[in-house]
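Throughout, the numbering used here is defined as the position within the sequence shown, counted from one, plus 36.
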Amino acid sequence: MKKLGKYSIGLGDRFGHQGHAQLKAITEAGKKGIDITPVWNKSNREHLIIGTQPSDVRIEADSAVRKAAFKKPYFIDADHINLDTVDKFIPSSDFFTIDVASYIGKRAFDGEIATYIDNAGKYIGKLEVPGIKKSLKCSLKQLADIAEKYLFAAKKAGEIYRKIEKSKGAGNFITEVSMDEVAQPQTPVELFFILAMLGIEGVPVQTIAPKFSGRFNKGVDYAGDPLRFASEFEEDLMVVSFAANEFGLPENIKISVHSGSDKFAIYPHIRSLLLKHNKGVHLKTAGTTWLEEVTGLAEAGGTALEFVKEIYAHSLEKIEELCAPYADVIDIDTNKLPSAGEVSVWNGSKFAASLRHDQGNPYYNPNMRQLIHVAYKLAAQKMDIYFRLLEEHEEVVSQCVFDNIYYRHILRLF
Ligand SMILES: [Zn+2]
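As structure tokens, then:
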């Protein structure tokens with residue numbers, strides 16, 4: 037059976053040019069004794085916006101792995117798929133993030149809800165989870181509410197899982213279940229009962245992505261109370277282990293942190309809790325590799341700098357259209373965006389410094405960073421020029437990609 041290692045990182049590579057630089061970060065970590073499984077992820081939304089196919093991710097990853105003679109496991113993640121989108125991902129993926137967000141809140145049949153409450157009834161009143169000092173409260177009413185909110189979604193996860201299993205065979209792929217793209221965070225108690233549902237449905241979930249409290253905006257730091265996050269994350273860790281035992285889920289099950297790129301304020305908490313409890317994690321990053329490509333091109337100067345300035349100017353004009361698909365995961369203060377006119381006279385280092393996530397740099401602008409984060413569509417519209425520039429400035433760009441994954445992510449978290 038394919039098993040996901042203790043530490044794994046989801047890497048996004050929207051334009052399929054940085055697999056080697058990303059893999060180099062993984063190999064460097066390996067030399068320091070940090071064993072991380074790389075997982076290349078790309079969602080249907082990204083494929084549609086760029087005009088790529090799931091098989092492109094497989095080709096790029098396989099070629100990066102072959103060139104680097106990387107001998108350890110790696111995976112291709114069909115990121116945020118559901119019943120409508122899974123089919124085209126099946127041949128080339130061996131990791132499936134089953135996204136149940138759109139099914140949450142839809143009601144299962146009364147009979148199904150009643151059966152579930154019967155099954156889980158023994159936890160009413162006394163939910164003692166090893167490692168959590170206070171006992172978690174759970175009333176019948178609460179259990180019924182959780183069943184009404186999540187049972188339908190869990191059943192859909194089962195349906196999607198079985199569809200994949202039918203064509204790939206059990207044990208030949210990793211299953212993740214995600215529910216992060218919703219408005220309300222899930223509490224540790226909810227997480228426990230959701231795992232119970234997945235256990236009953238027979239979904240061998242190896243990693244689960246809850247929505248945590250606080251905001252996980254794309255490519256910028258965590259917005260919320262890091263201490264509150266830490267106590268929630270610790271309870272989730274305990275709940276996941278306990279649930280795995282109780283419901284026959286894979287023993288290596290772990291939490292997946294989505295929009296995990298650049299959540300520097302919570303990395304020290306995640307890191308110390310993983311060490312404290314000897315647990316693993318899947319950190320899903322995406323989009324920041326594209327940001328590093330833009331940063332690298334800015335640093336390269338000349339026509340490359342002109343190109344990224346044009347992308348920025350264009351993104352200001354198209355801001356609403358670009359932000360719409362990402363409304364829940366970005367937070368841009370448009371008053372703090374420099375105008376195209378201002379940016380037109382910047383040199384490459386100022387542009388790069390505005391974009392690079394270095395909070396100590398006075399030029400760093402998280403609003404501009406988020407806007408460029410969602411503006412990759414504009415580069416996709418000029419793919420020929422963009423690819424030519426990436427290839428021309430390969431050295432500086434891949435250095436940016438490597439530094440980001442290795443220094444700002446891996447060394448801080450693992
Ligand atoms: Zn997600």
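Beta carbons: idealized from backbone N, C-alpha and C, even for Gly.
Since the structure is predicted, the reported quantities are computational estimates derived from the model, not experimental observations.
> Taking 7 Å as the cut-off, is the CB of H350 close to at least one heavy atom of ligand 1?
Replying inline: Not under cutoff, so the answer is no.
> Leaving out five residues before and five after E428 in sequence, what residues of the same chain have Cβ atoms less than 7 Å from its Cβ?
Replying inline: Excluding five sequence positions before and after E428, none of the CB atoms of its chain fall closer than 7 Å to its own CB.
> Relative to the alpha-carbon of G284, which residue among I244, L273, K254, V239 has its alpha-carbon at the smallest distance?
Replying inline: Out of I244, L273, K254, V239, V239 has the C-alpha closest to the C-alpha of G284.
> Of the residues D123, K124, T133, which one's Cα is nearest the Cα of H116?
Replying inline: Of D123, K124, T133, the residue nearest in Cα terms is T133.
> So, is F209 buried or exposed, given that buried needs 16 or more other C-beta atoms within 10 angstroms?
Replying inline: Burial call: buried.
> Any chance the CB of H409 is under 7 Å from a heavy atom of ligand 1?
Replying inline: Checking the 7 Å criterion, the Cβ of H409 is out of range of every heavy atom belonging to ligand 1.
> Identify the residues that DSSP records as bridge partners of K320: which are they?
Replying inline: Beta-bridge pairing links K320 to G46.
> Using 8 Å as the Cβ pair cut-off and three pairs as the minimum, do the stretch 171–186 and the stretch 217–232 touch?
Replying inline: Three or more Cβ pairs closer than 8 Å define a contact, and the stretch 171–186 meets that threshold against the stretch 217–232.
> When you compare only the Cα positions, how much space is there between I291 and G338?
Replying inline: Each residue's Cα considered, the two are about 44 Å apart.
>> Taking DSSP's pairing of strands, which residues face W76 in a bridge?
In response: W76 pairs with L47, I112.
>> Going by C-alpha to C-alpha distance, which of D367, L373, I45, E64 sits closest to K254?
In response: When each option's Cα is compared against that of K254, the closest is D367.
>> On the DSSP letters alone, give me the boundaries of the beta strand (DSSP E) that S214 sits inside.
In response: Taken as a continuous stretch (DSSP letters only), the beta strand (DSSP E) holding S214 covers 210–214.
> For D71 versus G52, is the C-beta spacing smaller than 8 Å?
Replying inline: Between D71 and G52, the C-beta gap is not smaller than 8 Å, which leaves the two residues out of contact.
> Who's in the neighbourhood of ligand 1, going by beta-carbon under 7 Å from any heavy atom, listed in chain order?
Replying inline: Residue selection by CB proximity (closer than 7 Å to any heavy atom of ligand 1) returns H116, S214, D216, E217, A245, H294, S295, K320 in chain order.
> At what residues does the beta strand (DSSP E) containing D135 begin and finish?
Replying inline: From DSSP, the beta strand (DSSP E) with D135 extends over 131–135.
>> Please report the straight-line C-alpha distance between D181 and E148, rounded to a whole angstrom.
In response: When the Cα atoms are used, D181 and E148 turn out to be separated by approximately 13 Å.
>> Here's the rule: buried if 16 or more other CB atoms are within 10 angstroms of the residue's CB, otherwise exposed. What is Q406?
In response: With 16 or more Cβ atoms within 10 Å of its Cβ, Q406 is classed as buried.
> So what does DSSP say about Q242, is it helix, strand or coil?
Replying inline: In the three-state scheme derived from DSSP, where H, G and I count as helix and E and B as strand, Q242 is classed as strand.
> If we call anything under 8 Å between Cβ atoms a contact, is Q58 one with V432?
Replying inline: Cβ atoms of Q58 and V432: not closer than 8 Å.
> Which stretch, first to last residue, makes up the beta strand (DSSP E) that contains V293?
Replying inline: For V293, the uninterrupted beta strand (DSSP E) run begins and ends at 290–293, by DSSP.
>> What does the alpha-carbon distance come out to for the pair F450 and I45?
In response: Straight-line Cα distance between these residues: approximately 10 Å.
> Between the C-alpha atoms of K158 and A232, what's the straight-line distance to the nearest angstrom?
Replying inline: In this structure, the CA atom of K158 is about 12 Å from the CA atom of A232.
> Can L327 and V410 be called in contact, C-beta distance under 8 Å?
Replying inline: No, they are not a contact pair.
>> Cutting at 7 Å between CB atoms, please list the residues of its own chain near T324, excluding the five before and the five after it.
In response: Counting only Cβ-Cβ distances below 7 Å, and skipping sequence neighbours, we find G255, S297, D298, N440.
> Would you call Q54 buried or exposed, if buried means 16 or more other Cβ atoms sit within 10 Å of its Cβ?
Replying inline: Using a 10 angstroms sphere on the CB of Q54, the tally of other CB atoms reaches 16 or more, which defines it as buried.
>> If you measure between the beta carbons of K452 and N77, is that distance less than 8 Å?
In response: With the chain covering 37 to 450 only, the question about residue 452 has no answer from this structure.
> Of the residues L84, G161, K60, which one's Cα is nearest the Cα of R102?
Replying inline: In this structure, K60 is the residue among L84, G161, K60 with its C-alpha nearest to the C-alpha of R102.
>> Considering only their Cβ atoms, is the gap separating S91 from N118 smaller than 8 Å?
In response: No Cβ-Cβ contact shorter than 8 Å links N118 with S91.
> Quick one: what's got a C-beta closer than 8 Å to D130's C-beta in the same chain, skipping five residues either side?
Replying inline: Within the same chain, D130 has close Cβ partners K38, F111, I112, K204, N208, F209, I210.
>> So that I know if they touch, is there some Cβ in chain B lying closer than 8 Å to that of K67?
In response: Here chain B cannot be found, since the structure has a single protein chain.
>> Excluding the 5 residues flanking I196 on each side, which residues of the same chain have their C-beta closer than 7 Å to its C-beta?
In response: Excluding residues within five positions, the ones whose Cβ falls inside 7 Å are N118, L119, V122, I134.
> Can you give the Cα-Cα distance for L311 and D272, rounded to whole angstroms?
Replying inline: Near 15 Å, if we compare the C-alpha coordinates of D272 and L311.
>> For K191 and R448, what's the separation of their Cα atoms in angstroms?
In response: One C-alpha to the other measures close to 37 Å.
>> Please return the same chain residues whose Cβ sits closer than 6 Å to the Cβ of I85, not counting the five positions on each side in sequence.
In response: Excluding residues within five positions, the ones whose Cβ falls inside 6 Å are K413.
> Looking at the unbroken alpha helix (DSSP H) that takes in T63, where does it start and where does it end?
Replying inline: Start and end: 55–67.
> Under the rule that 16 or more other beta-carbon atoms within 10 Å means buried, what is Q417, buried or exposed?
Replying inline: So Q417 ends up on the exposed side.
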